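Data block below; observations after.
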Amino acid sequence: MLAERIEAALNRQLAMELRSAYDYLSMSAYCESQSLPGFARWLRLQSQEEVEHAMKFFDFINDREGRVRLEALEQPPHDYASLLEVFELALDHERAVSRAIGDLYSAVVDEHDYASQAWLDWFATEQVEEEKSVGHIVGALKRIGDRGDALFFLDKELADRSAG
Ligand code: FEO
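The structure is reproduced here in C-alpha cells:
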C-alpha cells in the first residue's frame, strides 16, 4: 500500500518519463529531417527506453495497489538551432530527471517506504548511465564543431546502438 503523497509522486515521475520519450522522439524526427540517420536511430531507441522507464512506474504503482493517473503531455519542441542544442537540451533534461528521482527517493525514505526505496535504486543507478551517455555525445559534438567528415563518422557510430 502506497502513501498518498508517494502515489502522487510516482504518477508525476511516470509522466516525466513519458515526456522524456516524447522529447526524444521529436529530437529523432529533427535528425531525420537533417539527414542524420544514426543520430535519429539513437534518439528513437532512447525514446523507447523512456517508455520502458514509464511502464516500470506504471507496473510498480499497480503492484503496490496504487492508482495510475495519467497526465496531459506538453508538446515538445519540433525545431532546434543545431544538433549540439538537441543534446545540450537532452543533458539538461536528464539532469532534471536525476534530481526528480532524488526528490522521490527522499520522500520514500521520509515515509519509511523501504519497498519503494529498494525499487528506486535501479533508477538512481540508471540515471548515472543516462547522463554519461548523453554527456559523451555533447562532448563529441563540441570537439567536432563544423567538421562535416567527423560528424559523418559519429553518425555512423551512433547508428550501431542496439535496442534494449
Ligand atoms: Fe528515464 Fe532518461 O530518464
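Residue numbers (this note's numbering): 67 to 230. Glycine residues also receive a C-beta, built at the ideal position from the N, C-alpha and C atoms. In this text, all values refer to a predicted model and were calculated from it rather than measured experimentally.
Asked: 8 Å contact criterion, which S164 and Q193 should meet: CB distance rounded; Found: 4 Å
Asked: Cβ-based neighbour list, V152, same chain, cut-off 6 Å, excluding 5 preceding and 5 following; Found: M93 and Y146
Asked: Which of helix, strand or coil DSSP assigns to D158; Found: helix
Asked: Stretch-stretch touch, CB-based, cutoff 8 Å, three pairs: the stretch 113 to 132 with the stretch 67 to 81; Found: yes
Asked: A106 versus E98 - alpha carbon distance; Found: 6 Å
Asked: Bounding residues of the alpha helix (DSSP H) (the contiguous stretch that carries G104); Found: P103 to D129
Asked: Sequence-distant residues of its chain with Cβ nearer than 8 Å to E196 (five each side left out); Found: E160, V163 and S164
Asked: Straight-line Cα distance separating E73 from F189; Found: 17 Å
Asked: G211 versus F219 - alpha carbon distance; Found: 13 Å
Asked: Rounded separation between A81 and M121 - CA only; Found: 10 Å
Asked: DSSP-derived helix/strand/coil call for R71; Found: helix
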